[in-house]
Amino acid sequence: MSLVLNIFTIIAVLAGTFFFLAGTVGLLRFPDTLTRLHALTKADNLGLGLVVMGLLPQAEWPFDVIKLIAIWLFTLLAGATVGQLMAQAARRGQPTP
Amino acid sequence: MTLALAVDISLTLLVLAVAGWIIAVRDTFAAVIGFVAYGLLLALIWVRLAAPDVALTEAAIGGGLTGALLIGAAGRLRKTEAATRAEYPGVLIRTLAAILAVTVAAALAVGVLALPDPAPTLAPAAVASLATTGVGNPVTAVLLAFRSMDTLLEAIVVLLALLGVWSLAPDRAWGGYPGPRHHADPDGILAYLARFLPPIGIIVGLYIFWIGADLPGGKFQGATILAAMWLLVIEAGLADTPPISRTWLRVLLVIGPLVFIAIGFAGSITAGAVLAYPEGYAKPLIVAIEIALMPTLVLTLALLVAGTPQRMPPQ
């Protein structure tokens with residue numbers, strides 16, 4: 014059972030790091046602010062979500078598990094808010110396309 | 649073990665690279681963003697060094713609060729930045745500055761490398777006397793019992809910094825509201841966050857403050873979180889900063905250091921030395937000092953970010 018959980022952890026964390034890598038590449042390569050923001054928030058949402066999901070079987074029930082999920086939810090909230098605010102600021106600074 | 653070593657080496661190289669970039673980059677705003685990243689990376693290094701108390705403080709104060717202050721400063725400097733760049737110092741001055749910086753860095757490196765191995769430490773002595781203070785976190789015991797003079801002066805220093813910021817106010821705005829009045833869309837995402845997050849943030853801030861007696865945490869880290877929540881509400885336009893002439897504000901700003909000093913001098917009568925605690929009363933007195941310091945720190949840190957008084961109350 015623990016072997017299965019360990020394999021699950023490795024796969025999920027690796028998938029999470031893949032999204033962080035893809036998000037970083039997108040942040041560096043995408044042409045304009047909005048697409049770059051999209052790449053960045055995807056990395057936070059999906060990448061961190063998968064890393065947290067992978068770590069859940071290794072964490073101690075109940076408090077560490079709840080803390081991990083709370084960290085992910087707060088990052089979602091912060092990422093979504095900051096993404097919107099930066100997009101608004103970017104649109105205000107540029108003429109509408 | 650080797651994996652952990654690889655992580656440590658990469659972290660160290662990353663911090664050094666970010667530090668070099670902060671010095672080399674010409675744009676002030678970019679340097680400030682680099683400094684925030686540097687503070688967060690440094691917090692990770694403190695975690696790797698098994699110093700979570702320092703890591704929390706570095707992330708909250710070094711990355712967060714100082715970052716916010718520097719972003720504000722960079723925004724104000726933007727207008728004069730081109731003029732400043734025109735009078736870039738000559739080769740001689742830059743060479744002398746580089747020699748001075750390298751000499752200081754080399755002297756520090758020699759000093760650290762010359763330390764005997766194992767380095768002299770008071771940690772066993774601090775842990776041995778931990779029981780006399782009644783607190784479980786040795787860092788808190790050092791900060792508020794063994795070296796409480798440092799903590800007292802720290803609290804006074806941030807208060808003096810706030811007075812320095814206030815003293816930059818123009819005469820007509822003295823006693824007025826710090827910073828601009830923020831207006832955000834009341835149905836916008838910022839106003840939503842400023843309604844949703846503070847209840848959670850206040851609980852987390854108070855928890856980190858309270859847990860500091862036994863586990864990593866404490867008043868500075870907790871106060872930073874509470875100050876951030878207040879600033880979020882102010883930035884979203886849901887509340888305004890208080891005019892600095894308000895009596896309650898000034899009382900709360902000095903109450904922390906005053907209680908600290910009063911308990912400190914009382915120690916010279918009850919325990920035989922200034923800032924000493926009488927036998928058996930250490931824990932309640934430490935808690936009393938921390939509770940009194942909390943509002944002072946929250947207000948000081950938040951008002952430092954809010955800035956100089958700019959507007960008078962409506963007559």
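If you read the protein sequences in the order shown, they are chains G and W.
Just add 13 to the spot in the first sequence (first one is 1) and you have the working numbering.
Just add 648 to the spot in the second sequence (first one is 1) and you have the working numbering.
Note that beta-carbon positions come from the ideal geometry of N, C-alpha and C, so glycine has one too.
Below 8 Å, too few C-beta pairs join the segment 904–923 of chain W and the segment 839–859 of chain W to call them touching: fewer than three. Your pair W/T781 and W/A940 does not check out as a contact, with CB atoms roughly 18 Å apart and the cut at 8 Å. If you draw a 10 Å sphere on the C-beta of G/W74, you find fewer than 16 other C-beta atoms in it, and that means exposed. For G/T46, the nearest beta carbon of chain W is not closer than 8 Å to its own beta carbon.
Taking a beta-carbon distance threshold of 8 Å, G/T54 does not count as an interface residue toward chain W.
W/G865 places its beta carbon less than 8 Å from that of W/F857.
Counting only residues of its own chain and dropping the five nearest sequence neighbours on each side, W/S815 has no CB closer than 7 Å to any other CB. Contact between W/T944 and W/L897 fails: their C-beta atoms lie close to 11 Å from each other, not under 8 Å. Residues of the same chain with a CB within less than 6 Å of the CB of W/V787, apart from the 5 flanking positions on each side, are D701 in chain order.
Legend: CB atoms of the segment 827–854 of chain W lying less than 7 Å from CB atoms of chain G belong to residues I837, L838 and L841. Annotated three-state conformation of W/P957 is strand, per DSSP. Contact annotation: W/L690 and W/V663 have beta-carbon atoms nearer than 8 Å. Rounded to whole angstroms, G/V26 and W/T705 show a C-alpha spacing of 28 Å. At a C-beta separation below 7 Å, G/L98 has these neighbours in chain W: I837 and L838. Residue contact check for G/T94 against chain W: a CB pair falls below 8 Å.
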